[in-house]
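Counting in this note's numbering, the sequence shown runs from 321 upward without gaps.
Here a beta-carbon is modelled for each residue, glycine too, at the ideal position from N, C-alpha and C.
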Amino acid sequence: MFEECEISSYPIDCFDIANKLYYVLKPYSSLTPEEYMNALCIDPDGFSRVEINPATGMNQYVIYYNDYAQYERMRWTIFHEIGHIYLGHHDNPDDSNSAIEEAEANFFAKYAIAPPPLIAITHCSGASDIANIFCVSAEASEYSFEYYMKWMKYGPRCYASYERRMLRLFLAA
Numbered sequence: 321m322f323e324e325c326e327i328s329s330y331p332i333d334c335f336d337i338a339n340k341l342y343y344v345l346k347p348y349s350s351l352t353p354e355e356y357m358n359a360l361c362i363d364p365d366g367f368s369r370v371e372i373n374p375a376t377g378m379n380q381y382v383i384y385y386n387d388y389a390q391y392e393r394m395r396w397t398i399f400h401e402i403g404h405i406y407l408g409h410h411d412n413p414d415d416s417n418s419a420i421e422e423a424e425a426n427f428f429a430k431y432a433i434a435p436p437p438l439i440a441i442t443h444c445s446g447a448s449d450i451a452n453i454f455c456v457s458a459e460a461s462e463y464s465f466e467y468y469m470k471w472m473k474y475g476p477r478c479y480a481s482y483e484r485r486m487l488r489l490f491l492a493a
């Protein structure tokens with residue numbers, strides 16, 4: 321995804337990624353009061369779905385997000401919803417397992433917002449470094465640091481090919 325969207329700097333810009341993937345971003349503040357209440361009932365943080373573009377009649381992916389939330393939380397939500405779309409969770413709505421899809425989207429967001437190889441090259445020594453460098457909440461930085469430590473302990477001795485490509489993108493910038 322970083323290659324496809326030509327992303328090479330951090331904090332990684334979820335808005336830029338969504339735009340480059342042609343996903344429509346709709347903040348809750350742009351909704352009518354009734355739409356806003358409905359959105360909060362669906363999910364207080366945000367959600368995504370396929371909608372018909374009225375101008376073209378074609379399907380489009382739309383990410384609704386609560387822009388009244390803390391900025392770091394909003395970024396996490398957008399990455400989470402990008403994950404649902406990018407992983408194909410909307411492609412066959414009849415064939416869904418929401419618990420598995422939620423876990424996949426959470427992992428996608430965690431990896432996309434603060435990838436372990438980037439945590440390594442930025443020499444983050446703890447969750448607070450991750451929060452500051454990657455612009456994530458304290459809670460998300462704790463999860464990211466915990467995952468990073470497991471990645472360091474149990475991961476392969478060498479970077480995987482996709483990790484090497486990612487590092488080339490970010491180190492070249």
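- Here the C-alpha atom of Leu345 lies approximately 15 Å from the C-alpha atom of Tyr391.
- In the DSSP annotation of this structure, the continuous segment of the beta strand (DSSP E) that includes Ser368 starts and ends at 366 to 372.
- With a cutoff of 7 Å on beta-carbon distance, Phe465 and Ala492 are scored as not near each other.
- In the three-state DSSP reduction, Leu341 falls in the coil class, being neither helix nor strand.
- Between Phe428 and Ser328 the beta-carbon gap is near 19 Å, outside 8 Å, which marks them as no contact.
- Per the coordinates, the alpha-carbon of Asp363 lies some 20 Å from the alpha-carbon of Gly408.
- In the three-state DSSP reduction, Asn386 falls in the coil class, being neither helix nor strand.
- For Glu323, the enclosing alpha helix (DSSP H) has its first and last residue at 322 to 325.
- In terms of Cβ geometry, Ala359 and Tyr348 form a close pair [threshold 7 Å].
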